[in-house]
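Worksheet: one structure, shown below.
2 protein chains.
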Amino acid sequence: MSSLNLVHLLLFLFLFPVLISSFPQFLGRFSHRKFRNSNYSSNSNSNSYSYETRYYTQQLDHFSFIGDTQGDDSTFQQRYLLGSTDNWAPPRGPIFFYCGNEGDIVWFAENTGFIWEIAPRFNALVVFAEHRYYGESMPYGSKEAAYSGAKSLAYLTAEQALADYATLLIDLKRNMSSEDSPVVLFGGSYAGMLAAWMRLKYPHIAIGALASSAPILQFDDIVPADTFYNIVSNDFKRESESCFNSIKKSWDVLQAEGNDENGLLKLTKTFRICHTLNNTGDLLDWIDSAYSYLGMVDYPYPSDFLMPLPANPIKEVCRHIDDDSDGKTLAERIYAGVNVYYNYTGNYTCFDLDDDPHGMNGWQWQACTEMIMPFASNPKTSMFPPYDFSLADRENECRMTYNVSIRPRWITTEFGGHNISTVLKKFGSNIIFSNGLLDPWSGGGVLKNISDSIIALVAPLGSI
Amino acid sequence: MSSLNLVHLLLFLFLFPVLISSFPQFLGRFSHRKFRNSNYSSNSNSNSYSYETRYYTQQLDHFSFIGDTQGDDSTFQQRYLLGSTDNWAPPRGPIFFYCGNEGDIVWFAENTGFIWEIAPRFNALVVFAEHRYYGESMPYGSKEAAYSGAKSLAYLTAEQALADYATLLIDLKRNMSSEDSPVVLFGGSYAGMLAAWMRLKYPHIAIGALASSAPILQFDDIVPADTFYNIVSNDFKRESESCFNSIKKSWDVLQAEGNDENGLLKLTKTFRICHTLNNTGDLLDWIDSAYSYLGMVDYPYPSDFLMPLPANPIKEVCRHIDDDSDGKTLAERIYAGVNVYYNYTGNYTCFDLDDDPHGMNGWQWQACTEMIMPFASNPKTSMFPPYDFSLADRENECRMTYNVSIRPRWITTEFGGHNISTVLKKFGSNIIFSNGLLDPWSGGGVLKNISDSIIALVAPLGSI
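Those protein sequence lines, which keep their order, are chains A and B. Residues 3 to 466, numbered by our numbering, are exactly what the first sequence covers, in order. Residues 3 to 466, numbered by our numbering, are exactly what the second sequence covers, in order.
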């Protein structure tokens, strides 16, 4: 199959609304915000895609040999999921390879129906590879050991992950006598970035990539820092101007309430927080997260990815925030709004603000090292509390947390990003960038066609 | 200037015979062979290119953060040479960037006249960057510390060197307000590989590369392992069939002499070796090296790069080997031949076979880690002793020497190499590969045009 045909076919197929993946991301301020897997309860039937779980002995460090001095720790077991080979024919049957995100690969495999749906049409073999330091793919034998500090976390980087995928693919193809199989990469959000970068860096290994909601321009000074929060804010304003205004006003109100005598206790009760708040900031971060995630999953149909949610969840959130019929306070209305996000199924009687007390989730490390995405909240356009991005603050926070230095220019040095259309036009090919404009990550995405084979698919009313 | 114009101009200019660089390489067997800088004495006037010596604080480890746990050792001072900026005009004046080889950058700068000669025609700024772990660019504060073992040598890899160049270039351009300056990469031999790989991996940083004598296909099973020695052998056969035959016969003869009573002492005298030989193998390696290097520098004019040499040095070597007029023994004739290479100026009264007693030169490390180039000597076609390449042997030798494991498939995983014409045609551009067919490294080079802008320049009677 020629790569051009494949691109056109994928392009066509992708017009169906399908969910690719998500992004438990570092949202700008340095908080312990993470994707709350443990709060997650599905309200739909579990998918039942058929695959075999395998493990591959992977180099801890591809780009230097310090790992070799670490004995058994110089390698680790990388998990990957291998789809059915029944209709796949080596040596040339195509391989659809999902570049694992910052999370358990099983969860991404179960929630990425698109690949499973299209693979049979191409008689393609589906492979989901887990990202190092997530799920079961832990160096140093356990999550505790891997996350014990900067020394063991050191190898949690995007370049190492890409090299994992490259190494795994070459070995897999060799073992299956399918060295001539074309490989197409898939990924959404962080994994979308990885898919695009991998196509650029390893074109000899993959002939194309579908990079969904991939904010590869959310680095350095490529896009304005306030883009992300402006998009979320507009998502709300679009549904209800008064909702936008209430939220914008709420931060000061909640902060003032928290400063009152017994204020924290009162807020704890209003927001049904399981453990009494130590400070108002933790609550505000939790609320902020809900709004930001809602921008990513504002689908016009009920969905069940980040959280079980109704159709048009922002509209639903705003319906509650705008509803002052019973003389509700602003705090109560805000609670009613975020409750749509955190507890649509009504299963929770209280909320645990931070289920990762050690602050050791992997994305936080990545956001303290390579993934320096500048975020700001511009009081003129954003409904979020005003916030300026400061490299110095991030550096201090990361130094305190991990004793590590941020490298704010590294991602653009390694992968580019500036003058992307000129550069990609000249040397890139076979990448589809897809974005929904309601998704705040679209602000850092590639939204225009760059060439005949580097294509931007934009869904104006789409989310992640 | 458009990149296409540049390629055409460089193409034109490159037709002048100019010396790009050389390659103190690991020739196949695991010996302590290296480029004998200390034996080097120039017989020509020193060049006087004008440049300023500068240092850049470079990350020790670009792809992980383990360096961050090493305090002051997490960075090192990378040396680079900055040519005159008199006729160079930011923000768009071009930059000609030489990717340093495995050696002192001053020496490469002094011996790469081509760049200095063409730069003025483009009003280009010339930069020579030193490769980490060579010359003065030593991590850990000193050569002793950097070369103390596998733990400190760990970061001596090609990918780290490329990231050094990328980081340096971006910082340099920012500091000189020349962010729009097009960068053209240059390099010969190992540095030619680096230049080509850098254009492929960092196309957002450099618009083109001139990769001279770059054996990027000398890995894995891409070219037959006996290619290198076959080319050297043919270089000799072409000058004299009897010379070829004498050399082919000489290995057994010398080995037998060495096995005789007092044989080693006799060989030591015949070959003017300063310290009495411990075994015949060291002598054979030394002779083998001379022939191999001669293939790289068999210029039709006197030259002074690897060694001060006459025009057509192989012809001259063979003249001595073929000359049995005074009843000379085969050993004496072989000595007279290699003496042309090692001592054309007649300055040496005896030879030191190994001036690096610790076996700690950097290329040896690289040849024990990533740079696994298979070499074999095929008795049917080669004048060298028969020799089969064995990964197991290399692994054992490297494990013994450095306690490190070779990664024989890594270079092709990271940089490609298989199906090079198909792959490069699709995604690469603006690379000139130049090779002389007398140069044994041409066997692993790109010898055919791949596309309009990936061009092979082949000089049938050219050396490195």
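Every residue gets a Cβ at the ideal spot worked out from N, C-alpha and C, and that includes glycine.
Handout entry: CB contact below 8 angstroms: P205(B) versus chain A
Key = For this step, residue 205(B) is matched to residue 203 along the second sequence. Closer than 8 angstroms: yes.
Handout entry: Contact check, V129(B) vs W118(B), beta carbons under 8 angstroms
Key = The residue labelled residue 129(B) in the question sits at position 127 within the second sequence. The residue labelled residue 118(B) in the question sits at position 116 within the second sequence. No; because the gap between Cβ atoms is not below 8 angstroms, this pair is not in contact.
Practice task
Please state if the CB of V319(B) and the CB of I466(B) are separated by a distance shorter than 8 angstroms.
Solution key: In the second sequence, counting from the first residue as 1, residue 466(B) sits at position 464. In the second sequence, counting from the first residue as 1, residue 319(B) sits at position 317. In this structure, V319(B) does not lie closer than 8 angstroms to I466(B) by Cβ.
Exercise for the section: Identify, in the order they occur along the chain, each residue of the same chain with its Cβ nearer than 6 angstroms to the Cβ of N451(B), setting aside the five sequence neighbours on each side. Expected result: Reading the second sequence from its first residue, position 449 is the one you call residue 451(B). I457, A458.
Exercise for the section: Anything in the region 183-197 of chain B with a Cβ closer than 9 angstroms to a Cβ of chain A? List those residues in chain order, please. Expected result: So the list is empty, because no residue satisfies the distance condition.
Exercise for the section: Helix, strand or coil for F1(A), going by three-state DSSP, please let me know. Expected result: Any property of residue 1(A) remains undetermined from this structure, which presents chain A solely from 3 to 466.
Exercise for the section: Could you name the residues of the same chain whose beta carbon sits closer than 7 angstroms to that of V460(B), not counting the 5 residues immediately before and after it, in chain order? Expected result: The residue you call residue 460(B) lines up with position 458 of the second sequence. Annotation for V460(B): N437, L439, L449 place their beta carbon closer than 7 angstroms to its own, counting only its chain and skipping 5 residues before and after.
Handout entry: Where Y404(B) falls: helix, strand or coil (DSSP)
Key = Against the second sequence, residue 404(B) aligns to sequence position 402. Here Y404(B) carries a helix assignment [DSSP, helix/strand/coil].
Handout entry: Contact list for the region 385-403 of chain A against chain B, Cβ threshold 8 angstroms
Key = For the region 385-403 of chain A, which is checked against every Cβ of chain B, not one residue is closer than 8 angstroms.
Handout entry: Segment contact, 8 angstroms Cβ cut-off, at least three pairs: the region 171-186 of chain B with the region 412-430 of chain B
Key = The region 171-186 of chain B is not in contact with the region 412-430 of chain B.
Exercise for the section: Give, in chain order, every residue of the region 308-323 of chain A whose Cβ lies closer than 8 angstroms to some Cβ of chain B. Expected result: Listed by position along the chain: nothing, the set is empty.
Practice task
Less than 8 angstroms between the CB atoms is what I'm expecting for F188(B) and S139(B), so what's the real figure, rounded?
Solution key: In the second sequence, residue 188(B) corresponds to position 186, counting from 1. In the second sequence, residue 139(B) corresponds to position 137, counting from 1. So it is not a contact: roughly 18 angstroms between Cβ atoms.
Practice task
Could you tell me the boundaries of the beta strand (DSSP E) in which I422(B) lies?
Solution key: Walking along the second sequence from the start, residue 422(B) turns up at place 420. For I422(B), no beta strand (DSSP E) encloses it; the enclosing alpha helix (DSSP H) starts and ends at 422-429.
Practice task
Go ahead and label R176(B) buried or exposed: buried means 16 or more other beta carbons lie within 10 angstroms of its beta carbon, across all protein chains shown.
Solution key: Counting from one through the second sequence, the residue named residue 176(B) turns up at place 174. In this structure R176(B) is exposed. Its beta-carbon is surrounded by fewer than 16 other beta-carbon atoms within 10 angstroms.
Practice task
Return the residue from the list G102(A), W90(A), H133(A), Y53(A) that minimises the CA-CA distance to L62(A).
Solution key: Here residue 62(A) corresponds to residue number 60 of the first sequence, with the count starting at 1. Nearest option by C-alpha distance: H133(A).
Handout entry: Min CB distance D129(A) to chain B below 8 angstroms
Key = Counting from 1 along the first sequence, the entry for residue 129(A) is found at position 127. The residue asked about is misnamed: residue 129(A) is Val in this sequence, not Asp. For V129(A), the answer is no, since every Cβ of chain B falls outside 8 angstroms of its Cβ.
Problem - Under 8 angstroms by beta carbon: chain B residues contacting G143(A) - result: Here residue 143(A) refers to the residue found at position 141 of the first sequence. Around G143(A), no beta-carbon contact reaches into chain B at under 8 angstroms, the shortest distance being about 17 angstroms.
Practice task
Could you check the C-alpha separation between P442(A) and P217(A) for me, to the nearest Å?
Solution key: For this step, residue 442(A) is matched to residue 440 along the first sequence. For this step, residue 217(A) is matched to residue 215 along the first sequence. Straight-line Cα distance between these residues: approximately 9 angstroms.
Practice task
Identify the contact partners of S407(B) in chain A, using a Cβ-Cβ distance below 9 angstroms as the criterion.
Solution key: Position 405 of the second sequence, counted from the first residue, corresponds to residue 407(B). Per Cβ cutoff of 9 angstroms: F67, D70, S76.
Practice task
Please state whether DSSP places G329(B) in a helix, a strand or coil.
Solution key: Counting from one through the second sequence, the residue named residue 329(B) turns up at place 327. The answer is coil: DSSP assigns G329(B) none of H, G, I, E or B.
Practice task
Measure the Cβ-Cβ separation of I209(B) and N432(B) and say whether it is below 8 angstroms.
Solution key: Counted from its first residue, the second sequence places residue 209(B) at position 207. Counted from its first residue, the second sequence places residue 432(B) at position 430. Yes, these two residues count as a Cβ contact at 8 angstroms.
Handout entry: Outcome for E146(B) when other beta-carbon atoms lying within 10 angstroms are tallied against a minimum of 16
Key = Mapped onto the second sequence, residue 146(B) falls at position 144. By the Cβ neighbour-count rule, E146(B) is exposed, with fewer than 16 other Cβ atoms within 10 Å of its own.
Exercise for the section: Anything in chain B within Cβ reach of E104(A), meaning under 9 angstroms, just list it in chain order. Expected result: Here residue 104(A) refers to the residue found at position 102 when the first sequence is read from its first residue. Listed along the chain, the chain B residues whose CB falls inside 9 angstroms of the CB of E104(A) amount to none; the nearest CB is some 16 angstroms away.
Practice task
Apply the 10 Å Cβ neighbour rule to K203(B) and answer buried if 16 or more other Cβ atoms are within range, or exposed otherwise.
Solution key: Translated into the one-based positions of the second sequence, residue 203(B) becomes position 201. Per the 10 Å Cβ criterion, buried.
Handout entry: Best match in R409(A), S453(A), Y142(A) for proximity to E397(A) [C-alpha to C-alpha]
Key = Position 395 of the first sequence, counted from the start, is the residue given in the question as residue 397(A). Comparing alpha carbon positions, the residue from R409(A), S453(A), Y142(A) closest to E397(A) is R409(A).
Problem - Sequence-distant residues of the same chain with beta carbon closer than 7 angstroms to S384(A), five excluded per side - result: Taking the first sequence and counting its residues from 1, one reaches residue 384(A) at position 382. Non-local C-beta neighbours of S384(A) in its own chain, meaning closer than 7 angstroms and more than five positions away in sequence, comprise D228, Y231, N232, S235, ordered along the chain.
Practice task
Using three-state DSSP, classify Y58(B) as helix, strand or coil.
Solution key: Taking the first residue of the second sequence as 1, we reach residue 58(B) at position 56. It is a strand residue.
Exercise for the section: Within the same chain, show all residues whose beta-carbon is closer than 7 angstroms to that of S179(B), passing over the 5 residues directly before and after it, in chain order. Expected result: The sequence position of residue 179(B) within the second sequence is 177, counting from 1. Same-chain partners within the cutoff: P92, P93.
Practice task
Mind checking the region 163-178 of chain B against chain A and listing, in chain order, the residues whose C-beta falls within less than 8 angstroms of any C-beta there?
Solution key: Within the region 163-178 of chain B, the residues whose Cβ lies closer than 8 angstroms to some Cβ of chain A are A165, A168, T169, I172, listed in chain order.
Problem - Residue interval of the alpha helix (DSSP H) (run including S154(B)) - result: Stepping through the second sequence from its first residue, residue 154(B) is reached at position 152. 152-155 is the span of the alpha helix (DSSP H), which, as asked, contains S154(B).
Problem - N- and C-terminal bounds of the alpha helix (DSSP H) containing Y295(A) - result: Residue 295(A) sits at position 293 when you count from the first residue of the first sequence. For Y295(A), the enclosing alpha helix (DSSP H) covers residues 282-298.
Exercise for the section: Flag Y157(A) as yes if its beta-carbon sits less than 8 angstroms from any beta-carbon of chain D, otherwise no. Expected result: Chain labels in this structure do not include chain D; the protein chains are A and B.
Exercise for the section: Measuring only between beta-carbons, confirm whether G73(A) sits less than 8 angstroms from chain B. Expected result: Residue numbering aside, residue 73(A) sits at position 71 when the first sequence is read from its first letter. No, because no Cβ of chain B sits closer than 8 angstroms to the Cβ of G73(A).
Handout entry: Buried versus exposed call for H277(A) [16 or more other C-beta atoms within 10 Å across all chains shown]
Key = Indexing the first sequence from 1 puts residue 277(A) at position 275. Exposure of H277(A) is indicated by the presence of fewer than 16 other C-beta atoms within 10 angstroms of its C-beta.
Exercise for the section: Identify every run of the beta strand (DSSP E) within the region 164-211 of chain B, keeping only runs that are complete inside it and at least 3 residues long; order them along the chain. Expected result: Counting only runs of 3 or more, we get 185-190.
Practice task
Answer yes or no: does any C-beta atom of chain B fall closer than 8 angstroms to that of E132(A)?
Solution key: As a position in the first sequence, residue 132(A) is number 130, starting the count at 1. Closer than 8 angstroms: no.
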